[in-house]
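> Chains A and B, in that order, are what the protein sequence lines are.
Using my numbering, you'd call the opening residue of the first sequence number 540 and step up by one each time.
Using my numbering, you'd call the opening residue of the second sequence number 540 and step up by one each time.
For each residue, glycine too, the CB sits at the ideal point set by N, CA and C.
From a predicted model like this one, the values you see are computed outputs, not experimental measurements.
First the structure, then my questions, so here it is.
2 protein chains.
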Amino acid sequence: METVKVDGRVERGEQTRRQILRRAAEIASVEGLEGLSIGRLATELEVSKSGVFAHFGSKEELQLATVRAAAAIFATQVVEPALVVPVGRERLELLLNGWLAYSENRTFPGGCFFYAVQAEFDARPGRVRDAIAGYGREWNEYVRDTAAVVPGVDDPDQLAFELIAFLEMANAQSVLHDDPHAYDRARKAVRARLAQAGTASAAASTTRR
Amino acid sequence: METVKVDGRVERGEQTRRQILRRAAEIASVEGLEGLSIGRLATELEVSKSGVFAHFGSKEELQLATVRAAAAIFATQVVEPALVVPVGRERLELLLNGWLAYSENRTFPGGCFFYAVQAEFDARPGRVRDAIAGYGREWNEYVRDTAAVVPGVDDPDQLAFELIAFLEMANAQSVLHDDPHAYDRARKAVRARLAQAGTASAAASTTRR
DNA sequence: AGACTAATTGTACGATCGTTCGTACAATTA
DNA sequence: TAATTGTACGAACGATCGTACAATTAGTCT
């Protein structure tokens, strides 16, 4: 049933396509998806401009493919490592720490790819914005669902909102101010917030009027 | 000693300059400071391209002037209204609620101006980034100093980090997902975090080992 | 070998970018 | 009134943008 790829031409094409998208995601994390230009991409990769263009057919398709490629890297770097432990508090912590490491290690040179492009496209319509918003929603829901099964969590939506806020704030402060302590602040905030959630049910049951 | 302005020419010039910067800040909050183009600005304001250009001498100067103009609007809209009450918890709450209103009311059509341009310039060097980083630092320090004098606050830097994270998260979610509830989440998070700070000293003194 | 196919290239296009220039006109100064 | 200043203008510049299309190279078939 599996169609094995043996065509060397297609193989080569897919490889250059991967290289293009790799570089495109790196550039976009620094300069944005609009700052990303086909000509520049071609120059840096030492291929022809029309060669780059032919892979996507339009700039918008290049941007969409770049977003998808970045999402795949994000999943590999952040989501998948947390799957090694069962659902629960430990997985949530692994997920949050994984995100901070993904940002701190500069998986993308400009920090979190999605932080950069979200702010760039959040206020204009179009397919690129929709794609970015879709991944953003997925991430929100995944954090919320992961938090929902942690004992003592009573409002996972609210908790996810606050936790993600800490992560993005750390990324923003670190990149803009070259402040490595921002990640410490985020870790501290996450720890305190989860401790608070852990005692919430007990506190609520004792203090409820 | 005061030189009163009576020259009608410079008066007129300053007015068009103000109009240019007003519009420039609006555009930049949506499309970014790079998406801002002199030609487009001229078309929308129905003035000549060279007329716009002459006011600033370079695109970078236009961007810098736009950032300064936005900072002035921010100060008027967010910082100054909180000065009507004395320092303390009430001023801090007025400041935070003022920020949320500034974002929610779409003072700039793309949401918070500085959220947009911070993410755009955070990873590239230059004077524009330095200016944005400077205002960002000012804002951080102002929130921290305002929080520092609130009774029960023992780590104002950490508190400011978390509070600003909630504000920016609300702005981001609201603009990207058209989700008005994001501001409710931020208000709830702020309230809970300040309540926590209010009991922190008491809790610390009783639970300290 | 030659026919076919997919990836890549070279050349060219219209549009727009930031920038420069000389000029026109209104307002101020002498 | 004459000279000067400040703002705004129109035209043009070189560069770069995204896009189009025909030619070429490289790999797969019969």
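For T646 of chain B, I'd like the list of residues in its chain whose CB is within less than 7 Å of its CB, leaving aside the five on either flank, ordered along the chain.
Cβ neighbours of T646 of chain B beyond the five flanking positions: I612 and Q616.
> Quick one: measure Cβ to Cβ for V606 of chain B and V667 of chain B, integer angstroms, because I've assumed they're closer than 8 Å.
Between V667 of chain B and V606 of chain B the Cβ distance is about 7 Å, and since that is below 8 Å, they are a contact.
> Report the rounded CA-to-CA distance for L575 of chain B versus L631 of chain B, giving the unit in angstroms.
Those two C-alpha atoms are separated by around 34 Å.
> With DSSP collapsed to three states, give me the class of E585 of chain A.
It is coil, neither helix nor strand.
> Which residue spans inside the stretch 556 to 603 of chain A form an unbroken alpha helix (DSSP H) run of at least 4?
Segments of the alpha helix (DSSP H) lying fully in the stretch 556 to 603 of chain A: 577 to 584 and 588 to 595.
> Please confirm if P719 of chain B has its CB atom under 8 Å from at least one CB of chain A.
By this cut-off, P719 of chain B is not an interface position.
> Please state if the CB of L601 of chain A and the CB of A658 of chain A are separated by a distance shorter than 8 Å.
It is not a contact, given that the beta carbons lie outside the stated cut-off.
> What number of angstroms, rounded off, separates the C-alpha of V557 of chain A from the C-alpha of T738 of chain A?
The sequence shown places Arg at residue 557 of chain A, not Val. Using only the alpha carbons, I get a separation of about 47 Å.
> At the 8 Å Cβ level, is Y641 of chain B part of the contact set with chain A, yes or no?
With 8 Å as the cut-off, Y641 of chain B does not count as an interface residue toward chain A.
> Classify D717 of chain B: buried if its beta carbon has 16 or more other beta carbons within 10 angstroms, exposed otherwise.
With fewer than 16 other Cβ atoms within 10 Å, it is exposed.
> Kindly list the residues whose CB is nearer than 6 Å to the CB of V545 of chain A, restricted to its own chain and excluding five residues on each side of it in sequence; keep chain order.
Excluding residues within five positions, none has a Cβ falling inside 6 Å.
> How is A704 of chain A classed by DSSP in three states: helix, strand or coil?
Helix at A704 of chain A.
> Residues of chain A with CB closer than 7 Å to the CB of L480 of chain B, please, in chain order.
Only positions 540 to 748 of chain B appear in the structure, and residue 480 of chain B is not among them; the question remains open.
> For the alpha helix (DSSP H) containing A640 of chain B, name the first residue and the last one.
Start and end: R628 to E643.
> Under 7 Å, CB to CB, which of the residues in the stretch 685 to 719 of chain A have a partner in chain B?
So the list reads Q697, F700, E701, I703, A704, F705, E707, M708, A711, V714, L715 and H716, given in the order they occur along the chain.
> List, in order along the chain, the chain B residues whose C-beta lies closer than 8 Å to that of G650 of chain A?
Ordered by position in chain B, the residues that pass the 8 Å Cβ test against G650 of chain A are D661 and A662.
> Which residue wins for smallest C-alpha separation from A609 of chain B, given the options B:V624, B:E585, B:C651 and B:G578?
The residue with the shortest Cα to Cα distance from A609 of chain B is B:C651.
> Output needed for V714 of chain B: all residues of its chain with C-beta closer than 6 Å, excluding positions within five of it in sequence on either side, in chain order.
G650.
> Please report how far the alpha carbon of V656 of chain A lies from the alpha carbon of S568 of chain A, in whole angstroms.
V656 of chain A and S568 of chain A: Cα-Cα distance of roughly 7 Å.
> When the Cα atoms are used, what is the spatial distance from P695 of chain B to A734 of chain A?
Using only the alpha carbons, I get a separation of about 20 Å.
> Who are the Cβ neighbours of R732 of chain A in its own chain at under 8 Å, not counting the five residues just before and after it?
Excluding sequence neighbours, R732 of chain A sits near L698, E701, L702 and F705.
> Which residue marks the beginning of the alpha helix (DSSP H) containing V682 of chain A, and which one marks its end?
Segment R666 to A687, the alpha helix (DSSP H) holding V682 of chain A.
> With 16 as the cutoff for other CB atoms within 10 Å, does E570 of chain A come out buried or exposed?
By the neighbour-count rule (16 or more Cβ atoms within 10 Å), E570 of chain A is buried.
> Leaving out five residues before and five after T745 of chain A in sequence, what residues of the same chain have Cβ atoms less than 6 Å from its Cβ?
With a pLDDT of 39 at T745 of chain A, under the threshold of 50, the modelled position of that residue is not reliable, and the figure given next carries that caveat. For T745 of chain A, where only same-chain residues beyond five positions count, there are no Cβ hits under 6 Å.
> Note down, in chain order, all residues in the stretch 557 to 575 of chain A with a beta-carbon under 9 Å from any beta-carbon belonging to chain B.
Residues S568, V569, E570, G571, E573 and G574.
> Where does T646 of chain A fall in DSSP's three states?
In this structure, T646 of chain A counts as coil in the three-state DSSP scheme.
> Specify whether the stretch 666 to 685 of chain A and the stretch 629 to 644 of chain A touch according to this definition: at least 3 beta carbon pairs, one from each stretch, less than 8 Å apart.
Taking 8 Å as the limit for Cβ pairs, the verdict is that the stretch 629 to 644 of chain A does touch the stretch 666 to 685 of chain A.
> Using the rule of at least 16 other Cβ atoms within 10 Å of the residue's Cβ for burial, across every protein chain shown, is A736 of chain A buried or exposed?
So A736 of chain A ends up on the buried side.
> How many Å lie between T555 of chain B and R628 of chain A at the Cα?
The straight-line gap from Cα to Cα measures roughly 58 Å.
> Any C-beta of chain B within less than 9 Å: which residues of the stretch 724 to 739 of chain A qualify?
If the cut-off is 9 Å between Cβ atoms, the stretch 724 to 739 of chain A has R724, A725, K727, A728, A731, R732 and Q735 near chain B.
> What are the boundary residues of the alpha helix (DSSP H) that Q657 of chain A is part of?
First-last of the alpha helix (DSSP H) with Q657 of chain A: F652 to F660.
> Can you give me the C-alpha to C-alpha distance between V626 of chain A and A686 of chain A, rounded to a whole angstrom?
For V626 of chain A and A686 of chain A, the distance between alpha carbons rounds to 9 Å.
> Looking at Y674 of chain B and F653 of chain B, is the spacing between their C-beta atoms short of 8 Å?
Yes, these two residues count as a Cβ contact at 8 Å.
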